[in-house]
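**Q** Have a look at this one before I ask anything.
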Amino acid sequence: MFDADAFSCETCCRGFPTQEQLDTHLGQHVTCGIDGCTLSAHPGILEVHVRFQHRTGLFKEINNAEVDKWIQDRKNRFPTLKTIEAKEQAKVEMTNRGERYEKNAKPFKTSEEKMERGEPKIGGVKRGGKNKKKRKPIIGLGSNGVESGEDQPDDSYIKIKKFRGLGALMEQSLEKSNGK
């Protein structure tokens, strides 16, 4: 096995076992050049880039300043030792001022929390209660869904005679042909 991170192409997200293979791959890269785009990638990846970025107009909507700002914000929020200590210090200061610090504060209470506080339950309509309509059985099927031997009564909502099989059809056709 080779270390994929040792010789890798970040644009294509591919790793190579040797520097020579990486150099060969990088030699296949082509620059986009549409709308001043400077992306250099393998032709297959460049084709996808053009389809999703340039043909949709997304490339013109996103400028590099916005992307750089987003990247900087992500780096600032990354949990380094410095940011963890700053959060802990802010938590201590909030506690000293008498503020509550809840990391996973939920904006709405759960039904259990409402019950504990004695708040009335709102809504709570049960689905499928006493007003739920029941289906009538299908002719030819028993209560367990398996074909039964006897016919179902005529009050069923499906008015189809039970299929007696090919033998009965053959007998009917023979009777009709002999009768004529």
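Heads up: take any position in the sequence shown, counting from 1, add 10, and you land on the working numbering. Heads up, the beta-carbon is just placed ideally off N, CA and C, and yes, glycines get one too. Here the structure is a predicted model, which is why all the values come from computation and not from measurement.
1) Between V40 and S50, is the Cβ-Cβ spacing less than 8 Å?
2) Residues in its own chain within less than 6 Å of Q182 by CB, not counting five upstream and five downstream?
3) Can the beta-carbon of D33 be found less than 8 Å from the beta-carbon of K70?
4) May I ask which residues mark the beginning and end of the beta strand (DSSP E) holding R61?
5) Under the rule that 16 or more other beta-carbon atoms within 10 Å means buried, what is Q82, buried or exposed?
6) Would you mind working out which of T66, F62 and Q38 sits nearest P53, comparing C-alpha positions?
7) Quick one: what's C191 bridged to in DSSP?
8) Considering just the uninterrupted stretch of the alpha helix (DSSP H) at G177, what are its terminal residues?
**A** For this structure:
1) yes
2) none
3) no
4) Premise fails: R61 is in no beta strand (DSSP E) and is neither H nor E.
5) exposed
6) Comparing C-alpha distances from P53 to each of T66, F62 and Q38 shows the shortest one belongs to Q38.
7) Since the first and last residues shown for the chain are 11 and 190, residue 191 lies out of range.
8) Start and end: L176 to G189.
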